Structures are given as C-alpha cells and as structure tokens.
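Position one of the sequence shown corresponds to residue 1 (the UniProt record's numbering), numbered consecutively onward. Idealized CB from N, CA, C, for every residue including glycine. Just so it is clear, the structure is predicted and the values come from calculations on it, not from any experiment. Okay, so here's the structure we're looking at.
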Amino acid sequence: MVLLNLVRLFCNKVYCTNFKPFLFKQLKVLKKPINRNYTCAVSGNKLEYNPECEKKINNQIAVELGASYTYFQLAFHFNKSTVGLKGLRNFFLALSEEEIEHARYLMYYQNLRGGKIILTDIKCPENVEWTALKALEKALDLEIRVTKAILDIHQLACRSSDPHLASFLETEFINEQYSSVRKLRQMLANLKVSGESEGLLQIDRELLHKYKPKLLLHPPKK
C-alpha cells in the first residue's frame, strides 16, 4: 500500500506537452496536473515495436519500483529517533522518488508505443540493521544493476533498429544513471576516508541541505 500511494502521489505531478516524434521530451515534472486527454497517434498501434523490447520495458518497471521500495525502507531507517540521520533520510527519499518517476516514464512510454503494461510482484527489501556504509553500498549495487538493465534494453533497441526507444533511453535514463553511480562512489569514498563518526555527521549535514524530497512537504498530521 505504501508503494501504491507513492505512485499515486507522483502521478498527480506529471504533465505531458510538446511531443516530437523522435525526441521524448514531454515527460517533465511540473506543477500542472496530468493532461487526461493526452493522446498519441501511435497509441494502440505497436508500429514496429519489438515484443522483446516491450517485455523488457515491463521488467524494467518492476526493477525501478523495487529500487524505490528499498530506498524507501532505508530512508525511514535513518529517520528513526535512535538513528537520527535526517540528511541520509532525505537522500534516500529523493532516490525513492526518482525511481518511481523512472517507472512512470516507462509506463508512459509503453502506452506511447502501444505496448501492454504488465506489473509483477516486487521482492521485499533485505531486513537488516543498516549502517550508513552498508546503506550506501546497497544503493551503489542497486544503481549499477539498474544501469546494466537499461543498457541491455538500449542494446536490444539498437539491434531491433528502434531509434525512438534508443533515443528515449539515452535522453531520460542513461546519463542520469552514470551520474548516480558516480555520486554514490564518491560518497562511499568520502565516508571510508573520513570514518563513520565525524565524517558521517558532516556528510549528513550536507545531504540535509541539498535534498528536499517532496514527501517531506506534506508530513502526516499528528
């Protein structure tokens, strides 16, 4: 239910505009609501859409939602009063939101190409006692796996002579994934050098000021 509510929350923040056939620029998070009347000429028509690409897009939706689920767990671990690392809480909430956004982009793309969205079960995150180091290592592992899965779809799109899908992945995913992997590697390196005491507190303060997840804008009423 938590993940479903997250999807509902962010679906209300999307507005599609300015579609150009081979530049998938319309998916921008704005303050306007979804345009419920948005249609596309190829919707409902697979138009040379490789069934294997369609299947992999559905698999990737599950991968993105699974990553979001794990980040959500990590965020509220660091939010506990016995842990109190609110910078890491904000950081992992932001990552969770980002993965849901990615899943939503993929769902819109599946609709755009006339594919069928098939959602699958999402595996529960590991139930372990997280440290900052373990959590960042887990996040890095997740981002590397997500990146490899995206690159696998991109290679399939190229082999299938599907420039639309290839361009979509390049524009909306690949550069961002490389950036995320690089950022996490830097954070891990800094934490290992400075140690999980004073160094961790400094990193946490920086994250607290840098990341302002949407979920924190509407805390539950007491």
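According to DSSP, is residue i part of a helix, a strand, or is it coil?
i, result
"K123", "coil"
"Y211", "coil"
"G66", "helix"
"Q73", "helix"
"P51", "helix"
"K221", "coil"
"S160", "coil"
"L85", "coil"
"V128", "coil"
"I57", "helix"
"R145", "helix"
"I174", "helix"
"K80", "coil"
"K116", "coil"
"C11", "Because C11 sits at a pLDDT of 45, beneath the cut-off of 50, its placement in the model cannot be relied upon, and the point is left open."
When the distance is taken between beta carbons, is residue j closer than 7 Å to residue i?
i, j, result
"E64", "H102", "yes"
"Y109", "F168", "yes"
"F50", "S160", "Looking at the sequence itself, residue 50 is Asn, so the reference to Phe does not match. Cβ atoms of N50 and S160: closer than 7 Å."
"G66", "I122", "yes"
"S180", "E126", "no"
"A135", "L74", "yes"
"L106", "I61", "yes"
"A149", "L184", "no"
Does residue i pass the burial test, meaning 16 or more other C-beta atoms within 10 Å, or should it be called exposed?
i, result
"V146", "buried"
"T70", "buried"
"G84", "exposed"
"I118", "exposed"
"G195", "exposed"
"L201", "exposed"
"Y211", "buried"
"R36", "Because the pLDDT of R36 is 32, which lies under 50, any placement of that residue in the model is unreliable, and the number read from its coordinates should be weighed accordingly. So R36 ends up on the exposed side."
"R104", "buried"
"R205", "exposed"
"E99", "buried"
"E113", "Residue identity check: residue 113 is Arg in the sequence provided, not Glu. Classification of R113: buried, given that the 10 Å Cβ count is 16 or more."
"D141", "exposed"
"K56", "buried"
Compute the beta-carbon to beta-carbon distance between residue i and residue j, rounded to the nearest angstrom, for a pair I have assumed lies under 8 Å.
i, j, result
"N90", "L208", "6 Å"
"L93", "P213", "4 Å"
"A157", "L151", "Wrong, their Cβ atoms sit about 10 Å apart, outside the cutoff."
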